[in-house]
Amino acid sequence: MIETEQRISIGCGIETVWEYVEDIRNWASLMPGSQSCAVLNRDDSRWTLKVGAGGLVKTVIVAVHVEQWNAPAGVIFSYALQGEPVVGRGSYSAARTSAHETEVTLKLRVEGSGPMSRLWEAMSTPLLPQLAKSFAERLKLEIEDAARAAPPPAASGGRRSVLGSLGRWLLIRWRAIIRSGLQQ
Amino acid sequence: MIRNLPARWDLEADVVAIGSGIGGLSAAITAHQHGSRALVLERTAELGGVTALSLGELWVAGNHHALAAGIEDSPDAGYRYLKRLSMDYGEDTAILNNVLHARVALQYFEEKIGLKTRVIPHCPDYYFGITTDAVAQGRLLEVLPFPAQTLGDWRAHTRVSPLVPYALTHEDIFEKGGVANMRNWDFDLMAERLQKDERCLGAGLAAYFVKGALDRGIGLHTGINAQELICDGSRVVGVRATRDANDVFVRAHRGVVLAVSSYERNAGYNKSLGQQLDLGSMVFPSIDGANFRLAGPVGARVARVPDITSLGFCVPGEETPDGEPLWRSALQPIGLPHTIVVNGMGRRFGNEAFYRSILYAVDIIDGGTQTHPNFPCWTIFDGQAREKYPFGSVMPGQDLPAGFGVRADSIVELAQRIGVDARALTDTVSAFNSHCAKSEDPEFHRGSHPWSAWMCGDPGNEPHPNLGPLLRPPFYAVQLHRIGGSAIPAAGVVSDHHARAVGWDDKPIEGLYVAGNSAARLETGACMQSGVSNARGMTHGYLAGRHASGRPSDLLQKERGRFGL
Numbered sequence: 000m001i002e003t004e005q006r007i008s009i010g011c012g013i014e015t016v017w018e019y020v021e022d023i024r025n026w027a028s029l030m031p032g033s034q035s036c037a038v039l040n041r042d043d044s045r046w047t048l049k050v051g052a053g054g055l056v057k058t059v060i061v062a063v064h065v066e067q068w069n070a071p072a073g074v075i076f077s078y079a080l081q082g083e084p085v086v087g088r089g090s091y092s093a094a095r096t097s098a099h100e101t102e103v104t105l106k107l108r109v110e111g112s113g114p115m116s117r118l119w120e121a122m123s124t125p126l127l128p129q130l131a132k133s134f135a136e137r138l139k140l141e142i143e144d145a146a147r148a149a150p151p152p153a154a155s156g157g158r159r160s161v162l163g164s165l166g167r168w169l170l171i172r173w174r175a176i177i178r179s180g181l182q183q
Numbered sequence: 000m001i002r003n004l005p006a007r008w009d010l011e012a013d014v015v016a017i018g019s020g021i022g023g024l025s026a027a028i029t030a031h032q033h034g035s036r037a038l039v040l041e042r043t044a045e046l047g048g049v050t051a052l053s054l055g056e057l058w059v060a061g062n063h064h065a066l067a068a069g070i071e072d073s074p075d076a077g078y079r080y081l082k083r084l085s086m087d088y089g090e091d092t093a094i095l096n097n098v099l100h101a102r103v104a105l106q107y108f109e110e111k112i113g114l115k116t117r118v119i120p121h122c123p124d125y126y127f128g129i130t131t132d133a134v135a136q137g138r139l140l141e142v143l144p145f146p147a148q149t150l151g152d153w154r155a156h157t158r159v160s161p162l163v164p165y166a167l168t169h170e171d172i173f174e175k176g177g178v179a180n181m182r183n184w185d186f187d188l189m190a191e192r193l194q195k196d197e198r199c200l201g202a203g204l205a206a207y208f209v210k211g212a213l214d215r216g217i218g219l220h221t222g223i224n225a226q227e228l229i230c231d232g233s234r235v236v237g238v239r240a241t242r243d244a245n246d247v248f249v250r251a252h253r254g255v256v257l258a259v260s261s262y263e264r265n266a267g268y269n270k271s272l273g274q275q276l277d278l279g280s281m282v283f284p285s286i287d288g289a290n291f292r293l294a295g296p297v298g299a300r301v302a303r304v305p306d307i308t309s310l311g312f313c314v315p316g317e318e319t320p321d322g323e324p325l326w327r328s329a330l331q332p333i334g335l336p337h338t339i340v341v342n343g344m345g346r347r348f349g350n351e352a353f354y355r356s357i358l359y360a361v362d363i364i365d366g367g368t369q370t371h372p373n374f375p376c377w378t379i380f381d382g383q384a385r386e387k388y389p390f391g392s393v394m395p396g397q398d399l400p401a402g403f404g405v406r407a408d409s410i411v412e413l414a415q416r417i418g419v420d421a422r423a424l425t426d427t428v429s430a431f432n433s434h435c436a437k438s439e440d441p442e443f444h445r446g447s448h449p450w451s452a453w454m455c456g457d458p459g460n461e462p463h464p465n466l467g468p469l470l471r472p473p474f475y476a477v478q479l480h481r482i483g484g485s486a487i488p489a490a491g492v493v494s495d496h497h498a499r500a501v502g503w504d505d506k507p508i509e510g511l512y513v514a515g516n517s518a519a520r521l522e523t524g525a526c527m528q529s530g531v532s533n534a535r536g537m538t539h540g541y542l543a544g545r546h547a548s549g550r551p552s553d554l555l556q557k558e559r560g561r562f563g564l
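The listed protein sequences correspond, in order, to chains E and P.
For reference, each letter of the first sequence is one residue, going 0 to 183 in numbering that gives the first Met the number 0.
For reference, each letter of the second sequence is one residue, going 0 to 564 in numbering that gives the first Met the number 0.
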């Protein structure tokens, strides 16, 4: 079993972070090599990823199951690679540092199964921390960028607040479209 | 000779090596050590060339490690070995020159750049048992793990292989039973090496030479593509290259070394020079015959030796970073117990455990029908093989991925599904199973080479590491495709004993050198022996670097009389 942990500080309030995190497709899109994400229901999704290591790029399909949604502070999930003897678990934990600062902790675990389990774990040893780090950095970037594009009205004034309101409206509309797609 | 001097020079050195595999880097390092300024031009974004993709073996007859270990060997025996196996398609002087200098070059690089090698235990010459000049072990060397962290920023730009487990050495792999017994490997050690980025095999070998160049401040220029040689009317004096679509004129006061590997990714060259059709390839796209395109206009001569077409397969879902299918060699898995290869008539056609044997048969033409009787072909294996052994990246016990191969509950059903005669395939399997029971293969002598057992076999399989019957369903068939030989080519540019390119008038082309797989294989003729290609690159680079720096080796002149040459 291989485990890794990444901590990041995101310059947004915990609710804003949760707005992003509660959509599983956002998670999939942040994965290195993300190709697509098929949402089966609120808790289950299938992610198609192209994972690169040592000059080899392998397409893997990951079945992700969210075991607990604990808004806005946590998500616990498990996953399995289809056709490969690899399973794993992970968690997302968020803690309010201030009104505009959230500390996020990501934990990820890989377990090989079957006679070659140790091979899979050996190969995951250098990959998993890289993957988690990349994910965490992109998560921070995406959420902070989205927040910058749509600052809260109270924080702005005049012409800027009009643009901010427009950005926020677009963001809300975008999320509504995403969610309606999810329900289909 | 042409005269195409540019109006300006953008880069300048005494020796310019084109290509950053072991040939180009050896030349640059040797030239530097002999007082020349050297630089390296690499077309891709990564250093290390095909060397980094290889198993990293170096075949060096009479090397000091073997002698220190008490192994009886000599350059003389190595020369006789290659001469016998070249079947006179090579040139005796070239064979001797290579054998004599390989051991010198090995010691040179160990001393100068800290290259660390050791004998691969129990790894025999291919033809041990066939000729008395072969050895049971000692000539095949590998590097000790290289700490890639020491490459600094170049670490991420130094190539590794997607096809070989470069975190383990041969010794690590084979003391645990080889590839067949992958499940016994020390995966904790693998994880530790991957974590520390300690590189073995070809990735490690290439990294040692990259480090050697970096330590000397040799300019390593990536993403620069040599387009043509520049001549002053009497000699080669530079290179016109392009970077980001802009010309870069590189002056070489003393010489240009062509070390760009071969032409495996050029379908036209494969067909016309190698007589090979529709090849898959395990090497990257830049191996496209630049040696011929560069050396041709200055009159370099080309020579060809008898060669084989390899067999391989692609596992669905695997690709290269360029988005192309990732080809894997069938060399090792087809020699495992419970596994055979059959043609479209359902018949075996060679010794599957010795690729040099079976692969000569792949492209045989039946002149009576103008067909290739042995192509297409399939590897057939049973549930025992699937349970115990990896097949490429498909691990023991794992189902073949969807779309990969055919699975059936009987040999008859399998034959029907792949379109071969069911009766013939049943008879073939039955005959093979009978051979296995007797631990002999009277048809194709499978398992008769000790190397076959070492590389392809399962040492724990009784009664023979390469012979195990196909008995237990399900049965599997995977169609094999033609692939290239990891850039080891049939044809190359002819060179002399200082690695100078030679023209059609048999005279050296002043200022032009050729190394490794860019050079015609006149040191091997009809033979190939694992470890020879890396050793050729290292040796050619050493010779070229010395000669271009005005310090040519006189070893051949001193020794050739002793061999009647």
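Note that CB positions come from ideal geometry on N, CA and C, so glycine has one too.
Source: prediction; values computed, not measured.
#### Entry: Distance between P/Asp196 and P/Gln148 (C-alpha atoms, nearest Å)
In the second sequence, residue 148 of chain P corresponds to position 149, counting from 1. In the second sequence, residue 196 of chain P corresponds to position 197, counting from 1. Approximately 7 Å between the Cα atoms of the pair.
### Message
Quick check on P/Ala190 - is its C-beta less than 8 Å from some C-beta in chain E?
### Response
Walking along the second sequence from the start, residue 190 of chain P turns up at place 191. Judged by the 8 Å Cβ criterion, P/Ala190 is in contact with chain E.
### Task
Find the residues of chain E that neighbour P/Met394, judging by a C-beta separation of less than 9 Å, and give them in chain order.
Along the second sequence, one-based indexing puts residue 394 of chain P at 395. The contact set of P/Met394 on chain E, defined by CB atoms closer than 9 Å, consists of Glu83, Pro84, Gly113, Pro114, Met115, Leu118 and Trp119 in chain order.
#### Entry: Reduced DSSP secondary structure (H/G/I, E/B, other) of E/Pro128
As a first step, residue 128 of chain E must be located in the first sequence, where it is residue number 129. Judged by DSSP in its simplified three-state form, E/Pro128 adopts helix.
### Message
Would P/Leu160 pass as an interface residue toward chain E - the criterion being a Cβ-Cβ separation below 8 Å?
### Response
Along the second sequence, read from residue 1 onward, the residue named residue 160 of chain P stands at position 161. The identity of residue 160 of chain P in the sequence shown is Ser, whereas the question assumes Leu. At least one chain E Cβ lies under 8 Å of P/Ser160.
### Message
In this structure, how does DSSP classify E/Arg159 when only helix, strand and coil are distinguished?
### Response
What you label residue 159 of chain E is simply residue 160 of the first sequence in a count that begins at 1. Unreliable positioning characterises E/Arg159 in this predicted model, as indicated by a pLDDT of 38, which lies under 50. A coordinate reading is not provided.
### Task
Would you give the residue range spanned by the alpha helix (DSSP H) that P/Cys376 belongs to?
Here residue 376 of chain P refers to the residue found at position 377 when the second sequence is read from its first residue. Counting along the chain, no alpha helix (DSSP H) covers P/Cys376; the unbroken beta strand (DSSP E) around it starts and ends at Cys376 to Phe380.
### Message
Buried or exposed, going by whether 16 or more other CB atoms sit within 10 Å of the CB of E/Leu105?
### Response
Here residue 105 of chain E refers to the residue found at position 106 of the first sequence. Counting Cβ neighbours within 10 Å, E/Leu105 comes out buried, since at least 16 surround it.
### Message
Cutting at 6 Å between CB atoms, please list the residues of its own chain near P/Lys557, excluding the five before and the five after it.
### Response
In the second sequence, residue 557 of chain P corresponds to position 558, counting from 1. Excluding residues up to 5 positions away in sequence, nothing lies with its Cβ nearer than 6 Å to the Cβ of P/Lys557 in the same chain.
### Query
Going by alpha carbons, who is nearest to P/Arg535 out of P/Glu56, P/Leu52, P/Tyr80 and P/Leu38?
Position 536 of the second sequence, counted from the first residue, corresponds to residue 535 of chain P. Among P/Glu56, P/Leu52, P/Tyr80 and P/Leu38, the Cα nearest to that of P/Arg535 is on P/Glu56.
### Query
With 16 as the cutoff for other CB atoms within 10 Å, does P/Asp87 come out buried or exposed?
The sequence position of residue 87 of chain P within the second sequence is 88, counting from 1. Label assigned to P/Asp87: exposed.
### Task
Taking a Cβ distance cut-off of 8 Å, strictly less, list which residues of the segment 54–74 of chain E are near chain P, in chain order.
Those residues of the segment 54–74 of chain E that come within reach of chain P (Cβ to Cβ, closer than 8 Å) are Gly54, Leu55, Val56, Lys57, Thr58 and Val59.
### Message
I'd like to know if E/Pro125 contacts chain P, where contact means its C-beta is closer than 8 Å to some C-beta of that chain.
### Response
For the purposes of this step, residue 125 of chain E is taken as residue 126 along the first sequence, with counting starting at 1. Using a Cβ-Cβ cut-off of 8 Å, E/Pro125 counts as an interface residue toward chain P, since at least one Cβ of chain P sits closer than that to its own.
### Task
Ignoring anything shorter than 3 residues or poking outside the segment 188–233 of chain P, list the beta strand (DSSP E) runs there in chain order.
Runs found: 218–221 and 224–230.
### Task
Report the residue ranges of all alpha helix (DSSP H) runs contained in full by the segment 408–466 of chain P; include only those spanning at least 4 residues, in chain order.
Counting only runs of 4 or more, we get 410–417, 421–437 and 449–455.
### Message
Judging by CA-CA distance, which residue of P/Gly23, P/His31 and P/Ala68 is the nearest neighbour of P/Ala51?
### Response
The count along the second sequence starts at 1 and reaches residue 51 of chain P at position 52. Ranked by Cα distance from P/Ala51, the options P/Gly23, P/His31 and P/Ala68 are led by P/Gly23.
### Query
Can you find a C-beta in chain E that's less than 8 Å from the C-beta of P/Thr319?
Translated into positions along the second sequence, residue 319 of chain P becomes position 320. Taking CB atoms only, P/Thr319 has a neighbour in chain E less than 8 Å away.
### With 16 other Cβ atoms within 10 Å as the buried cut-off, status of P/Leu521
Numbered from 1 along the second sequence, position 522 holds the residue referred to as residue 521 of chain P. Its Cβ being crowded by 16 or more others within 10 Å, P/Leu521 is buried.
#### Entry: Delimiting residues of the alpha helix (DSSP H) encompassing P/Ile21
One-based indexing of the second sequence puts residue 21 of chain P at position 22. Note, P/Ile21: alpha helix (DSSP H), Ile21 to Gln32.
#### Entry: Classification of E/Gly157 by the beta-carbon crowding that lies within 10 angstroms, buried from 16 upward
Start at 1 with the first residue of the first sequence, and residue 157 of chain E comes out as number 158. Confidence at E/Gly157 is low in this model, with a pLDDT of 38, below 50, so the placement of that residue should be treated as unreliable; the coordinate-derived value is given next. Of the residues assessed, E/Gly157 falls on the exposed side of the cut-off, its CB having fewer than 16 other CB atoms within 10 angstroms.
### Task
Check whether the Cβ atoms of P/Pro296 and P/Leu204 lie closer than 8 Å to each other.
Position 297 of the second sequence, counted from the first residue, corresponds to residue 296 of chain P. Position 205 of the second sequence, counted from the first residue, corresponds to residue 204 of chain P. It is not a contact, given that the beta carbons lie outside the stated cut-off.
### Task
With DSSP collapsed to three states, give me the class of E/Tyr91.
By 1-based counting over the first sequence, the position of residue 91 of chain E is 92. DSSP places E/Tyr91 in strand when its eight states are reduced to three.
### Query
Taking C-alpha atoms, which residue in P/Ser280, P/Val255 and P/Asp246 lies nearest to P/Ser261?
The count along the second sequence starts at 1 and reaches residue 261 of chain P at position 262. Taking the Cα of P/Ser261 as reference, the smallest distance to any Cα among P/Ser280, P/Val255 and P/Asp246 is reached at P/Ser280.
### Query
So does the segment 481–499 of chain P actually touch the segment 541–548 of chain P, counting three or more Cβ pairs closer than 8 Å?
The segment 481–499 of chain P, when compared against the segment 541–548 of chain P, does touch it at the 8 Å Cβ threshold.
### Query
So, do the segment 460–475 of chain P and the segment 380–396 of chain P have three or more beta carbon pairs nearer to each other than 8 Å?
These segments touch.
### Query
Hey, does P/Gly316 have any beta-carbon neighbour from chain E nearer than 8 Å?
If you number the second sequence from 1, residue 316 of chain P lands on position 317. For P/Gly316, the answer is yes, since a Cβ of chain E falls inside 8 Å of its Cβ.
### Cβ neighbour criterion (16 or more within 10 Å) applied to P/Asn97
If you number the second sequence from 1, residue 97 of chain P lands on position 98. Counting Cβ neighbours within 10 Å, P/Asn97 comes out buried, since at least 16 surround it.
### Task
For the beta strand (DSSP E) holding E/Lys106, just list the boundary residues, first then last.
Taking the first residue of the first sequence as position 1, residue 106 of chain E is located at position 107. Where E/Lys106 is concerned, the enclosing beta strand (DSSP E) starts and stops at Glu100 to Gly111.
### Distance, P/Asp9 Cα to P/Ala244 Cα
Within the second sequence, numbered from 1, the residue matching residue 244 of chain P stands at position 245. Within the second sequence, numbered from 1, the residue matching residue 9 of chain P stands at position 10. Roughly 15 Å between the two C-alpha positions.
### DSSP three-state assignment for P/Ile364, whether helix, strand or coil
Start at 1 with the first residue of the second sequence, and residue 364 of chain P comes out as number 365. P/Ile364 sits in coil when the DSSP states are folded into three classes, being neither helix nor strand.
### Message
In the DSSP assignment, the alpha helix (DSSP H) including P/Pro74 goes from what residue to what residue?
### Response
Locating residue 74 of chain P in the second sequence gives position 75, counting from the first residue. Following the DSSP letters along the chain, one finds P/Pro74 inside the alpha helix (DSSP H) bounded by residues Pro74 to Ser85.
### CA nearest to the CA of P/Pro488, picked from P/Ala206, P/Ser517 and P/Gly467
In the second sequence, counting from the first residue as 1, residue 488 of chain P sits at position 489. Relative to the Cα of P/Pro488, the nearest Cα in the group P/Ala206, P/Ser517 and P/Gly467 belongs to P/Ser517.
### Message
Any contact between the segment 428–447 of chain P and the segment 340–353 of chain P? By contact I mean 3 or more CB pairs, one from each, below 8 Å.
### Response
Verdict: yes, contact present.
### Query
With P/Asp185 and P/Leu564 assumed to form a contact (beta carbons below 8 Å), what rounded beta-carbon distance in angstroms separates them?
What you label residue 185 of chain P is simply residue 186 of the second sequence in a count that begins at 1. What you label residue 564 of chain P is simply residue 565 of the second sequence in a count that begins at 1. Contact flag wrong, Cβ pair sits at about 47 Å.
### Query
Counting contacts by CB-CB distance shorter than 8 Å, is E/Gly51 in contact with chain P?
Your numbering for residue 51 of chain E matches position 52 in the first sequence. Yes, its Cβ sits closer than 8 Å to a Cβ of chain P.
### Message
What does the alpha-carbon distance come out to for the pair P/Cys376 and P/Leu66?
### Response
Counting from 1 along the second sequence, the entry for residue 376 of chain P is found at position 377. Counting from 1 along the second sequence, the entry for residue 66 of chain P is found at position 67. In this structure, the straight-line span from the alpha carbon of P/Cys376 to that of P/Leu66 is close to 44 Å.
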